[in-house]
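Novice: In the numbering used here, the protein residues as written are 4 to 127.
Have a look at the structure that comes next, please.
Following this line, the structure appears as structure tokens:
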């Protein structure tokens, strides 16, 4: 599960619970209110890849639309990290090519990241 507040104020929640063995549940939601009192489902096509539980980390994006967000996406079956960008106004996801290789560990989260606002950068 990952949660982020976009630069424009929208709050996003997304991820998986349970695994493919038990059927799994996944989704992606947005709240436009502050404080967040309700959430609405958003498109998860392009964000969710099957029932396998991959690791994600949401970060505020730097696109012209201040309510767009980024997701560092660790695809466990491919042992790689990609950057997925959520376009709030288009309600759609796009994905970069692999930006790094990560081998899974069942005992720890294999990476961390932070953003820097001026100039905007992500440190992985």
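Glycine included, C-beta positions come from ideal geometry on N, C-alpha and C.
1) The beta strand (DSSP E) spanning residue 31 covers which residue range?
2) Assuming the contact rule is C-beta atoms closer than 8 Å, residue 57 and residue 79 should be a hit. Round their C-beta distance to whole Å, please.
3) Determine the direct distance from the alpha carbon of residue 101 to that of residue 81, and round the result to whole angstroms.
4) Which whole-angstrom value describes the C-beta separation of residue 85 and residue 66, a residue pair presumed to lie in contact below a C-beta threshold of 8 Å?
5) Which same chain residues end up closer than 7 Å to residue 2 when comparing Cβ atoms and leaving out the 5 residues on each side of it in sequence?
6) Can you tell which of 59, 52, 50 and 36 has its C-alpha closest to the C-alpha of residue 4?
7) Ordered along the chain, which non-local residues of its own chain (more than five positions away) have a Cβ less than 6 Å from that of residue 10?
8) Helix, strand or coil for residue 98, going by three-state DSSP, please let me know.
9) In terms of alpha-carbon separation, which member of 13, 49, 51 and 50 lies closest to residue 35?
10) With a 10 Å radius around its C-beta and 16 neighbouring C-beta atoms as the bar for buried, classify residue 72 as buried or exposed.
Specialist: From the atom records:
1) 28–34
2) 5 Å
3) 10 Å
4) That belief does not hold up - the Cβ atoms of residue 85 and residue 66 are roughly 17 Å apart, past 8 Å.
5) Given that the chain is displayed from residue 4 to residue 127, the structure contains no residue 2 and the question cannot be resolved.
6) 59
7) 63 and 69
8) strand
9) 13
10) buried
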